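Trainee:
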Amino acid sequence: MQFLDVKTDFAFKKVFGSQESKDILISFLNSIIDFGEKEKIIDLTILDPYQIPMIVGMKDTFVDVKAKLSNFKNVIIEMQVLNVEGFEKRILYNAAKIYSAQLMKAEAFSTLEPIIALTITDFVMFGEIKNVISYFKLLEKETLIEYNDEIELIFIELPKFNKGEDELLSITDKWIYFIKNAGDLKCTPKTLEKELEIKKAFEIANTSGMSKEEFEAQDKRHDFIRMQKGALELALKQGKIEGKIEGKIEGKIEVAKTLLSMGDDIEKVSKATGLTIKEINSIYDKK
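Residues in the sequence shown are numbered consecutively from 1267, following my numbering.
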C-alpha cells in the first residue's frame, strides 16, 4: 500500500479540499484552531473544491483550501514546501486581500467576516519559537489586549514535530503526524486508524484509487519541488562561498589599514596581504 505525500500541495488539496472531505476538514481544523470557550466547528462549506483538470494545469502556483465555517469565519489553508523569498508577506497579503474582497461597493464595514490563514510549512519559519503551532493576532503591545479577531494567522512547522507513532496522544498530534509522514507509510498506523476522519484521509490518499491524470499531476509537482529545492540549495551554497570570499577580502583590507597606520610602505603591505598596489592606494586614499 502506498499513500500520497500530503506535504505536496496537490495531495493536500485532494485530501482536505475534495467535496467528500468536509468531515476530514472539520476534524483537522477543530484540532488546530484555538477556539477558547467558543463553540467548535460543526459545519463548513469547502470553496473552490479539488478538481483534476485545474490541478494538472498548474505550474508554480500554490494551491490552497478555502472554507467558510458555520460561525461565518473564513479559513484559507496552505501547504508550503519551499521557503521562497517574500513568503511571510505573501501570507499576510493573501489574508488581507481575501478579507477586503468581501466588501462590495456601498456595503457597510460591519458585514466583513473574520479570516483565519492557516499555513503548514515543511521548513522552520520561526527559529526562536519552540512550539510546533504558532498563533498570531493583533494585540496591544503592553497589555496584550486583543484588537479584534478579524485576521488570525496560524502556522504549523512540520520540522519541529518529532513525535513517533507511540507518542501520539492528542488528535492534534495525530493530524500533524499524518500530514508529515503519510507519504512514507505503507499502511495506516493502528493509533490513527481509530480516528474515523484520519482513517478516511488515508483512504483518499491511497494511490491505488488515483487516476492517470492524478498520477501525472503528482509526479509533476514532485519534479517541480525537487528542481526548486535544488535551485534554492545551489543559491544558498553560492551565497556562502561568496560570503567567505567577501569575508576574506574584508579581512585583508582591515590588516592593510592596520599596517598603513603603523607606517609600513605600500609595497610591504601589498606583499603581506596579497592586495594589489592599486587596491592599497585606494585604501590609503580613503584614510
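Just so it is clear, CB atoms sit at the ideal spot from N, CA and C, and this is done for glycine as well. Note that the structure is predicted; figures quoted are calculated from it, not measured.
Which of helix, strand or coil does DSSP assign to Asn1337?
Mentor: Coil, per DSSP.
Trainee: Using 8 Å for Cβ pairs, my map puts Ile1298 next to Ile1395. What's the rounded Cβ distance?
Mentor: Contact doesn't hold; Cβ gap of about 16 Å is too wide.
Trainee: Given Asp1314, which residues of its chain have a CB within under 7 Å of its CB, disregarding the five upstream and five downstream residues?
Mentor: Closer than 7 Å at Cβ, skipping near neighbours: Lys1332.
Trainee: Quick one: using the 10 Å Cβ neighbour count with 16 as the cut-off for buried, is Val1350 buried or exposed?
Mentor: It counts as exposed.
Trainee: Excluding the 5 residues flanking Asp1388 on each side, which residues of the same chain have their C-beta closer than 6 Å to its C-beta?
Mentor: Once the five neighbours on either side are set aside, the close Cβ partners of Asp1388 are Lys1273, Val1347, Leu1424.
Trainee: Does the segment 1268 to 1286 come within contact of the segment 1470 to 1477, defined as at least 3 CB pairs closer than 8 Å?
Mentor: As far as the Cβ criterion goes, the segment 1268 to 1286 touches the segment 1470 to 1477, which means the pair count is three or higher.
Trainee: Tell me which residue opens and which closes the alpha helix (DSSP H) that Tyr1443 is part of.
Mentor: Tyr1443 -> alpha helix (DSSP H) spans 1437 to 1447.
Trainee: Given that a residue counts as buried once 16 or more other Cβ atoms are within 10 Å of its Cβ, and exposed if not, what is Val1390?
Mentor: By the neighbour-count rule (16 or more Cβ atoms within 10 Å), Val1390 is not buried but exposed.
Trainee: Using the C-alpha atoms, what's the distance from Ser1376 back to Lys1456?
Mentor: Distance between the alpha carbons of Lys1456 and Ser1376: 47 Å.
Trainee: What does Ser1400 pair with, by DSSP beta-bridge criteria?
Mentor: Per DSSP, Phe1421.
Trainee: Can the beta-carbon of Lys1339 be found less than 7 Å from the beta-carbon of Ile1290?
Mentor: No, they are not a contact pair.
Trainee: Exposed or buried, which one is Leu1352 when buried takes at least 16 other CB atoms within 10 Å?
Mentor: Residue identity differs from the one stated: residue 1352 is Gly in this sequence, not Leu. With fewer than 16 other Cβ atoms within 10 Å, it is exposed.
Trainee: Tell me the DSSP secondary structure of Ala1374 in three-state form.
Mentor: Ala1374 falls in the coil class under three-state DSSP.
Trainee: Quick check on Thr1542: does DSSP put it in helix, strand or coil?
Mentor: If DSSP states are grouped into helix, strand and coil, Thr1542 belongs with coil.
Trainee: How many Å lie between Ile1342 and Glu1416 at the Cα?
Mentor: Their Cα atoms are separated by approximately 13 Å.
Trainee: Please state the DSSP three-state secondary structure of Phe1269.
Mentor: It is a strand residue.
Trainee: Apart from the five residues just before and just after Ile1399, which ones in its own chain have a Cβ nearer than 6 Å to its Cβ?
Mentor: Taken in chain order, the residues that qualify are Ile1422.
Trainee: Rounded to whole angstroms, what is the Cα-Cα separation between Glu1461 and Glu1354?
Mentor: About 33 Å.
Trainee: Kindly identify the DSSP beta-bridge partner or partners of Asn1472.
Mentor: According to DSSP, Asn1472 bridges with Phe1269.
Trainee: Express the C-alpha separation of Met1345 and Gln1368 in angstroms, rounding to a whole number.
Mentor: Cα-Cα distance, rounded: 23 Å.
Trainee: For Leu1378 and Arg1356, what's the separation of their Cα atoms in angstroms?
Mentor: Using only the alpha carbons, I get a separation of about 21 Å.
Trainee: The alpha helix (DSSP H) with Leu1458 in it runs from where to where?
Mentor: Here the alpha helix (DSSP H) through Leu1458 covers 1456 to 1459.
Trainee: Identify which residue in Ala1361, Tyr1359, Asp1309, Glu1469 has its Cα closest to the Cα of Lys1288.
Mentor: Ranking Ala1361, Tyr1359, Asp1309, Glu1469 by Cα distance to Lys1288 puts Asp1309 first.
Trainee: Report the rounded CA-to-CA distance for Glu1406 versus Gly1302, giving the unit in angstroms.
Mentor: Each residue's alpha carbon lies about 19 Å from the other.
Trainee: Which value, in whole angstroms, describes the spacing of the CA atoms of Glu1545 and Phe1392?
Mentor: Glu1545 and Phe1392: Cα-Cα distance of roughly 42 Å.
Trainee: Express the C-alpha separation of Asn1397 and Lys1534 in angstroms, rounding to a whole number.
Mentor: Their backbone Cα atoms lie some 56 Å apart in a straight line.
Trainee: Can you grab the Cα-Cα spacing for the pair Glu1373 / Asn1414, in whole Å?
Mentor: So the alpha carbons of these two residues sit roughly 20 Å apart.
Trainee: Roughly how far, in whole angstroms, is the beta-carbon of Phe1468 from the beta-carbon of Lys1446, given that I think they are within contact range, below 8 Å?
Mentor: Contact flag wrong, Cβ pair sits at about 14 Å.
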